[in-house]
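Before any comments, here is the structure.
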Amino acid sequence: MTDETADGPGYAIAEDGSFTAPLTLAYPYARTVGPTYGTFLTGLAAGKVHATVSADGTVFVPPAEFHASTGEALTQWVEVASEGEVVSWSWESAPGNAQPFDRPFAWVLVCLDGAGTSMLHALDVTDPSEVRTGMRVRVRWAADAEPGIGAITCFEPVTTGGAS
Amino acid sequence: MSNEAEDVLRIRTPIGVDYAWSAGRRSSAYLNGLLEGRLIGKRCPSCTRVYFPPRNGNCPMCGVLLVDDDVEVGPNGTVTTFCVVNVPFLGQKITPPYVAATILLDGADIGMQHLLQEVDAADVRMGMRVEPVWAPREDWGPTMENITHFRPSGEPDVDFTDYAGQL
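Residue numbers (our numbering), protein chains in the order written: chain H, 3 to 166; chain P, 5 to 171.
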C-alpha cells in the first residue's frame, strides 16, 4: 500500500494526524488484436494506413470488421493517405499521465484522404486558436513505437504552402 | 498488405490510476499505534463494543459515530475460528499446511484474521490462547505486517461461552 521505493518511509502524516500514502491501482493488460486490427496495426508499423472497404464503397479507417448497417463482413483492403481533414475536435486542458502530451493539446477526429470515416487522435498544437474544423493535418510517425496506435505519435497541422 | 514489419498479433493495454490515499483520523490512530507496537481500537460510545481494526465512520451495530475513544487491545488473544490452508496457489508465500485464524484480541469485540505459526495445524482449536510475534523493531511501519504471525501463548484455553458473543 505504501511506496517502499520512495526515499522516505512511503507515507506522510498530515497536520490533523491522518496518514496519507500514494496508492496506485494498475493492471498490465495485453490482448490479441485479431486479423482486422492486426492488419491495420501491422500497416501502421510500416508507416502505412490500411482501411477496409465495403461493397457499397465505404472506406473504414480505423478498419471495421463488419459494416454497421448491412452486417457485411469486410475483407477487402485499400491504403489511404496519411494526411486528411479535421472533422471535429475537443480541447484537452488537463492531460493525464498516459496521454500523448504532458501539456494542453487538441483531440481531433480526422478523416484521412480516401477514407469515409474519421479516426480519433491527438493534434500537436498548444492553443485552441491553432485548431479548427476543416483544417488540414498529417500523421507524425513514431520512430520506435511498440505495436499499437502509438505508431502514430500524433497529427500535426499541414502549413499551407508547405512542402507537403 | 505490407510484410516489411512483423505482423502485429498482440498489443499491451495497461491501465492504472494513481490515488493519494488518506487513512482518515480514526484509522490513523490505529496506524500510529502500530508504529509504536501498540494495537489501538475504537470503542462505540453507545454500545461500548470495541472495534479492531477501528472503523472510519459509524458503529455497524447501533449506528453511532465512532469518535476518538481509543482503546488499546491485545496483544494476546483467543482463536475463535480458523482455517487450515492445504491448497497451494499462485503467489503463496507460506508452505502449506498453515493456519489462518480469526483472533479475538483481549479487549476487542470483533476478531481479526492473522497467521498462526509455531504450532502443528492439527493442534489448533477454538478457544486457544495466542500471542503476537513482532518483526524486528527497525522494520516496523504503520502496518499490521509488524506482527509476522501469532503463536500459542501457553495460557489455558478459553471456554466457548466466553467468546460466543464475538463470533
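The C-beta atom is built at its ideal place from N, Cα and C for all residues, glycine as well.
All values reported here derive from a predicted model rather than from experimental measurement.
- For A28/H, the enclosing beta strand (DSSP E) starts and ends at F21 to Y29.
- Note that the segment 149 to 156 of chain H does not touch the segment 54 to 63 of chain H; fewer than 3 beta-carbon pairs, one per stretch, sit closer than 8 Å.
- In the structure shown, the three-state DSSP call for P97/H is coil.
- The distance from the Cβ of L120/P to that of V128/P is about 6 Å, consistent with a contact at the 8 Å cut-off.
- Counting the other CB atoms within 10 Å of its CB gives M132/P a total of 16 or more, which places it among the buried residues.
- DSSP places G28/P in the uninterrupted alpha helix (DSSP H) bounded by G28 to L39.
- The beta carbon of A139/P does not come within 7 Å of any beta carbon belonging to chain H, so the residue lies off that interface.
- Taking the Cα of P106/H as reference, the smallest distance to any Cα among D115/H, A96/H, L114/H and C113/H is reached at A96/H.
- The beta-carbon separation of L125/H and V51/H, rounded to 16 Å, does not stay under the 8 Å limit for a contact.
- At a cut-off of 7 Å between beta-carbon atoms, G116/H makes no contact with chain P.
- For the C-beta of A23/H, the chain P residues within less than 7 Å are, from N- to C-terminus, W25.
- Straight across, the Cα-Cα distance linking A27/P with E40/P is about 17 Å.
- One Cα belongs to M137/H, the other to A28/H, and the distance between them is close to 37 Å.
- For P146/P, the closest Cβ of chain H is nearer than 7 Å.
- Residues of chain H with a Cβ closer than 8 Å to the Cβ of D74/P do not exist, since the nearest Cβ in that chain sits about 12 Å away.
- Residues of chain H with a Cβ closer than 9 Å to the Cβ of R29/P are, in chain order, D18, G19 and S20.
- The residues C48, C51 and R53, in chain order, have a CB closer than 8 Å to that of M65/P in the same chain once the five nearest residues on each side in sequence are set aside.
- Boundaries of the beta strand (DSSP E) around P159/H: I154 to P159.
- Under the three-pair Cβ rule at 8 Å, the segment 29 to 42 of chain H does not count as touching the segment 131 to 145 of chain H.
- In this structure, T85/P is the residue among T85/P, A126/P, R14/P and P101/P with its C-alpha nearest to the C-alpha of A168/P.
- A distance below 7 Å between beta-carbons, with the five flanking residues on each side excluded, links A66/H to the following residues of its chain, in chain order: T54 and L76.
- Shown here, N60/P sits in coil according to DSSP, grouped into three states, outside any helix or strand.
- Taking the CA atoms as reference points, T99/P sits about 20 Å from P136/P.
- The C-beta of P65/H comes no closer than 7 Å to any C-beta of chain P.
- Residue T17/P holds the alpha-carbon nearest to the alpha-carbon of A100/H among D74/P, D161/P, N80/P and T17/P.
- Proximity of A153/H to chain P, defined by a Cβ-Cβ separation below 7 Å, is not satisfied.
- Every beta strand (DSSP E) stretch that sits fully inside the segment 98 to 131 of chain H and reaches 3 residues is listed by chain position as 107 to 114 and 121 to 125.
- In the structure shown, the three-state DSSP call for Y39/H is helix.
- The Cβ atoms of L109/P and G145/P lie no closer than 7 Å to each other.
- F154/P: member of the beta strand (DSSP E) spanning I151 to P156, first to last residue.
- With respect to chain H, the C-beta atom of P18/P has a partner C-beta closer than 7 Å.
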